[in-house]
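Chemist: Residue numbers (this note's numbering): 8 to 896. Below is one structure. I have some questions about it.
What follows is the structure, given as structure tokens:
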């Protein structure tokens with residue numbers, strides 16, 4: 008292992024000095040500890056701490072009392088932070104990085120491992136997801152419905168298996184355990200300025216919620232709540248289509264024989280986006296006696312996305328890729344003096360090849376729903392405890408893309424897209440932004456993609472039994488059993504587009520508006536209402552589902568565990584083993600396309616044969632774990648843990664699809680992989696936590712993960728029907744190691760007179776790893792989610808009814824998956840985002856708050872093939888603002 012200990016271990020040294028100082032003062036401090044604690048307790052009884060400071064204290068106490076290495080967020084914390092989505096709050100925790108989608112924090116990477124290796128739970132239950140794999144998009148969960156969030160970085164035998172990176176568990180409110188106002192109503196406005204230059208588009212949206220928590224009797228409680236959010240988060244995006252490299256195509260060759268990485272083309276895109284989310288939640292809790300606790304709960308959430316898009320494509324025809332060309336030589340599109348290289352990558356050029364410019368008027372719609380329900384019954388008499396839980400969740404997604412296109416052929420195109428520069432494109436010889444010259448060509452009128460219909464059903468049942476022993480170091484013994492059945496499927500529609508009347512159609516200029524983007528330099532673009540434009544120019548004809556793109560995967564997961572709880576003088580913990588037995592079944596369609604010289608009345612044609620295909624898999628794993636917690640002093644805690652951990656393969660990668668191209672001499676294809684083995688790792692954790700004040704903590708956690716195998720996309724040679732094919736698809740990799748250190752400091756300035764109501768929350772995480780994706784073959788990406796550094800620094804104030812916070816977040820570059828296709832890897836450049844919030848309690852029952860996110864309008868820049876000069880996306884999402892009023896009664 009090549010670990011830079013000077014970089015990774017310096018925070019440990021800082022804590023060691025602090026611990027050493029604390030230990031040196033231990034004898035004198037111990038004599039004063041009891042009076043000081045009594046004084047603090049008396050002070051707490053006299054003054055009720057509320058607001059931001061109370062939520063930080065709640066989170067600190069929850070972390071202190073967990074049995075494993077974990078981070079927590081309290082409901083009060085979520086209520087006062089910039090929390091358009093729960094992912095905003097998750098992203099502030101040490102070692103957690105949230106990726107942005109349409110400007111919102113969406114998915115979470117933890118400890119250098121991507122969202123595919125994070126297990127998401129609701130009330131301790133695995134839930135269905137509208138993503139094609141197992142990922143959870145956290146924005147589907149409104150923060151208003153949440154009681155607390157725990158990010159478990161360690162593993163325990165009684166945890167559901169599945170989180171090599173971490174397990175994130177969202178807890179909703181239990182009415183009998185709740186202490187607060189019965190009715191909470193909140194309403195306000197949201198504004199995003201990323202789309203302020205879009206003609207006729209406003210970034211003003213709205214948000215509201217209402218929640219009632221009541222006790223119907225002394226032992227029966229009810230929660231009812233609902234939320235609504237309409238967000239207008241439009242933005243501008245520049246996108247590179249990819250590059251002609253030795254790994255991805257047939258690149259041109261210069262006079263010296265060097266392969267040159269030429270861009271395929273690019274596009275600008277402006278999204279007039281409306282995202283609407285509403286949800287409802289309910290829970291009924293009954294405690295029929297002192298030993299029983301029974302809860303029935305449910306959650307429904309729906310998100311609708313409507314994007315009216317203006318796009319401008321560069322190089323759809325007469326492209327930039329120079330496939331198999333003689334780069335820089337006579338007759339080539341790249342001529343000496345007209346291009347710029349960074350290494351072997353083209354970063355800019357002027358092309359005189361009449362490369363097309365296509366104006367695209369697009370509309371993308373997405374409708375996704377989530378339903379989660381469960382019944383939990385717990386009996387605990389102090390000696391025996393029995394917990395049973397049954398749950399069902401269902402997630403659905405329907406999405407469709409349609410477009411209308413006009414096209415121009417300017418005589419020359421100039422572009423610049425290299426690292427460190429704002430991308431630009433200019434053309435000469437055509438006025439591509441002329442609203443009176445937008446003609447839909449019959450040879451390319453537009454696109455019809457979809458609809459995609461994804462459905463995920465997950466049912467589960469489990470029982471946990473524990474017997475308290477309290478004999479010596481053995482505190483108790485527990486066993487448990489869990490079974491889940493999950494079925495995820497995708498149906499993929501098709502369709503065609505034609506012009507009305509079959510000829511060219513010129514659009515009505517009165518329905519179009521020419522405009523220019525702000526964040527990069529491209530030719531004048533054209534915007535219009537898609538429905539109006541489509542009605543006057545094209546006909547869409549939906550077709551049958553494409554069987555080669557659909558699939559169905561069923562997973563049966565049986566898990567059981569045996570665990571001993573440990574306890575003694577100054578220590579606690581547990582040791583156990585969890586057993587995981589998984590069977591998967593995949594069904595889909597395969598296809599084989601070849602040239603048949605006898606087809607088409609003897610003139611020859613490509614012929615595709617479609618056939619059913621299926622695949623099965625079974626694996627069993629034993630996952631031992633141990634967690635030990637030592638109370639070194641009243642304020643100093645040491646945790647040591649080790650575990651064997653697993654993440655089941657992404658469900659979409661288990662698909663049985665196989666598409667073959669039979670064109671000798673090279674036979675090729677693409678496929679899923681029903682026989683993928685799970686992600687496996689052995690991990691060790693050590694954490695030192697110093698609680699030097701009732702509101703303060705200094706912690707350092709170190710960890711090491713030895714990953715046996717990972718999963719990525721690559722090309723492998725497979726023998727199919729006696730012939731060798733070069734197949735592109737998911738496969739298991741050789742794994743690697745991840746090592747890291749996380750530091751956290753949470754502290755009010757209690758030691759500075761007059762500043763005791765101010766404080767800081769700061770964390771930093773350092774990661775070192777040799778874990779790689781499997782592509783590109785010549786220069787593989789680091790593993791998805793692997794950021795060498797993440798850090799958060801917050802300043803806060805909490806007193807006199809005012810809660811204020813200034814939050815700065817930074818991460819170094821890391822790998823992300825482009826959209827839903829795990830084969831499309833990009834690298835996200837480093838980002839620094841700044842947010843602020845302030846709230847004021849006008850009375851005990853009425854409060855107001857104002858929040859702002861992304862105040863620096865941080866650019867999100869992505870690049871292909873692990874090369875910063877190969878641009879994938881350049882996006883600015885704009886600043887977002889929230890102002891609302893809360894009434895509690």
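From the three backbone atoms N, C-alpha and C, an ideal C-beta is built for every residue, glycine too.
1) Where do the ends of the alpha helix (DSSP H) carrying residue 897 lie?
2) Secondary structure at residue 821, three-state DSSP: helix, strand or coil?
3) With H, G and I counted as helix, E and B as strand and the rest as coil, what does DSSP make of residue 184?
4) Assuming residue 63 contacts residue 702 under a Cβ cut-off of 8 angstroms, what Cβ separation, rounded to an integer in Å, is found between them?
5) Report buried or exposed for residue 686, applying the criterion of at least 16 other Cβ atoms within 10 angstroms of its Cβ.
6) Assign residue 348 to one of two classes, buried (16 or more other C-beta atoms within 10 Å of its C-beta) or exposed (fewer than that).
7) Reducing DSSP to helix, strand and coil, say where residue 339 ends up.
8) Restricting to runs no shorter than 3 residues, where is the beta strand (DSSP E) found entirely within the stretch 506 to 589?
9) My parser needs the alpha helix (DSSP H) runs of 4 or more residues fully inside the stretch 645 to 718; what are they?
10) Classify residue 145 as helix, strand or coil using the three-state DSSP reduction.
11) Can you round the beta-carbon distance between residue 814 and residue 804 to whole angstroms, since I take them to be within the 8 angstroms contact cut?
12) Below 6 angstroms CB to CB, which residues in the same chain sit around residue 769 once its five sequence neighbours on both sides are set aside?
13) Please report the residue range of the alpha helix (DSSP H) in which residue 374 lies.
14) For residue 230, tell me which candidate among 151, 654 and 410 has the shortest Cα-Cα distance.
15) Within 8 angstroms, do at least three Cβ pairs link the stretch 523 to 534 to the stretch 575 to 587?
16) Which residue comes first and which comes last in the alpha helix (DSSP H) that contains residue 95?
17) Among 610, 116 and 626, which one has its Cα closest to the Cα of residue 591?
18) Quick one: grab the DSSP three-state call for residue 257.
19) Out of curiosity, what's the CA-to-CA distance linking residue 622 and residue 742?
20) Pull up the DSSP beta-bridge partners for residue 627, would you.
21) Which residue marks the beginning of the beta strand (DSSP E) containing residue 604, and which one marks its end?
22) What would DSSP say about residue 730, mapped onto helix, strand or coil?
23) Tell me the residue span of the beta strand (DSSP E) that contains residue 198.
24) Rank 776, 149 and 756 by C-alpha distance to the C-alpha of residue 767 and give the top, closest one.
25) How many angstroms separate the CA atom of residue 232 from the CA atom of residue 282?
26) Locate the beta strand (DSSP E) running through residue 137, then write down its first and last residues.
27) Could you check if residue 240 is buried or exposed, using at least 16 other CB atoms within 10 Å of its CB as the buried criterion?
28) With a threshold of 8 angstroms on Cβ separation, who are the neighbours of residue 223 within its own chain once the five nearest residues in sequence on each side are excluded?
29) Along the beta strand (DSSP E) that carries residue 745, what are the first and last residues, could you check?
30) Would you give the residue range spanned by the beta strand (DSSP E) that residue 218 belongs to?
31) Just confirm the distance between the C-beta atoms of residue 418 and residue 435, as a whole number of angstroms; I'd bet it's less than 8 angstroms.
32) To the nearest angstrom, how far is the alpha carbon of residue 749 from that of residue 167?
33) With residue 171 as the anchor, note down where its beta strand (DSSP E) starts and where it stops.
34) Return yes when the Cβ of residue 135 is within less than 8 angstroms of the Cβ of residue 464, no when it is not.
Modeler: To lay it out plainly:
1) Shown here, the chain extends from 8 to 896; a query on residue 897 therefore has no answer.
2) Along the chain shown, read from residue 1 onward, the residue named residue 821 stands at position 814. Shown here, residue 821 sits in a strand according to DSSP, grouped into three states.
3) Working through the chain shown from its first residue, we reach residue 184 at position 177. Helix.
4) Locating residue 63 in the chain shown gives position 56, counting from the first residue. Locating residue 702 in the chain shown gives position 695, counting from the first residue. That belief holds up - the Cβ atoms of residue 63 and residue 702 are roughly 7 angstroms apart, short of 8 angstroms.
5) Here residue 686 is taken as the residue at index 679 of the chain shown, counted from 1. Residue 686 comes out buried.
6) Taking the chain shown and counting its residues from 1, the one referred to as residue 348 is at position 341. Buried.
7) Position 332 of the chain shown holds residue 339. Residue 339 falls in the coil class under three-state DSSP.
8) Complete beta strand (DSSP E) runs here, min 3: 520 to 522, 532 to 534, 545 to 549 and 558 to 575.
9) The stretch 645 to 718 contains no whole alpha helix (DSSP H) run of 4 or more residues.
10) Mapped onto the chain shown, residue 145 falls at position 138. DSSP places residue 145 in helix when its eight states are reduced to three.
11) Indexing the chain shown from 1 puts residue 814 at position 807. Indexing the chain shown from 1 puts residue 804 at position 797. The beta-carbon distance between residue 814 and residue 804, rounded to whole angstroms, is 13 angstroms. This is too long to meet the 8 angstroms contact definition.
12) Sequence index remark: in the chain shown, residue 769 carries index 762 (1-based). In its chain, beyond the 5 residues on either side, 752 and 800 have a beta carbon closer than 6 angstroms to the beta carbon of residue 769.
13) For the purposes of this step, residue 374 is taken as the residue at position 367 of the chain shown. That residue, residue 374, is in no alpha helix (DSSP H); its beta strand (DSSP E) goes 364 to 387.
14) Translated into positions along the chain shown, residue 230 becomes position 223. Among 151, 654 and 410, the Cα nearest to that of residue 230 is on 151.
15) By the criterion of at least three beta-carbon pairs nearer than 8 angstroms, the stretch 575 to 587 is not in contact with the stretch 523 to 534.
16) By one-based count along the chain shown, residue 95 stands at place 88. Per DSSP, the continuous alpha helix (DSSP H) segment holding residue 95 begins and ends at 93 to 97.
17) The residue you call residue 591 lines up with position 584 of the chain shown. Nearest option by C-alpha distance: 626.
18) If you number the chain shown from 1, residue 257 lands on position 250. It is coil, neither helix nor strand.
19) Counting from one through the chain shown, the residue named residue 622 turns up at place 615. Counting from one through the chain shown, the residue named residue 742 turns up at place 735. When rounded, the separation of the alpha-carbon atoms in residue 622 and residue 742 is 24 angstroms.
20) Working through the chain shown from its first residue, we reach residue 627 at position 620. Per DSSP, 588.
21) Taking the first residue of the chain shown as 1, we reach residue 604 at position 597. Where residue 604 is concerned, there is no enclosing beta strand (DSSP E), because DSSP gives it neither an H nor an E.
22) Locating residue 730 in the chain shown gives position 723, counting from the first residue. Three-state result, residue 730: strand.
23) Translated into the one-based positions of the chain shown, residue 198 becomes position 191. Counted as a single uninterrupted DSSP element, the beta strand (DSSP E) harbouring residue 198 occupies residues 190 to 199.
24) One-based indexing of the chain shown puts residue 767 at position 760. Of 776, 149 and 756, the residue nearest in Cα terms is 756.
25) Taking the chain shown and counting its residues from 1, one reaches residue 232 at position 225. Taking the chain shown and counting its residues from 1, one reaches residue 282 at position 275. If you take the alpha carbons of residue 232 and residue 282, they lie about 21 angstroms apart.
26) The residue given as residue 137 occupies position 130 in the chain shown. First-last for residue 137: undefined, no H or E at that position.
27) Residue numbering aside, residue 240 sits at position 233 when the chain shown is read from its first letter. Buried, since its Cβ has 16 or more Cβ neighbours within 10 Å.
28) The residue labelled residue 223 in the question sits at position 216 within the chain shown. Cβ within range, chain order: 229.
29) Translated into positions along the chain shown, residue 745 becomes position 738. Membership of residue 745 in the beta strand (DSSP E) is indicated by the continuous run 743 to 755.
30) Counted from its first residue, the chain shown places residue 218 at position 211. According to the DSSP assignment, residue 218 belongs to the beta strand (DSSP E) that extends over 211 to 224.
31) What you label residue 418 is simply residue 411 of the chain shown in a count that begins at 1. What you label residue 435 is simply residue 428 of the chain shown in a count that begins at 1. The beta carbons of residue 418 and residue 435 sit about 6 angstroms from each other, so the pair counts as a contact at 8 angstroms.
32) As a position in the chain shown, residue 749 is number 742, starting the count at 1. As a position in the chain shown, residue 167 is number 160, starting the count at 1. Spanning the alpha carbons of residue 749 and residue 167 requires a straight line of approximately 24 angstroms.
33) As a working note, residue 171 is residue 164 in the chain shown. DSSP places residue 171 outside any beta strand (DSSP E), giving it a letter other than H or E.
34) Sequence index remark: in the chain shown, residue 464 carries index 457 (1-based). Sequence index remark: in the chain shown, residue 135 carries index 128 (1-based). Contact flag set, yes.
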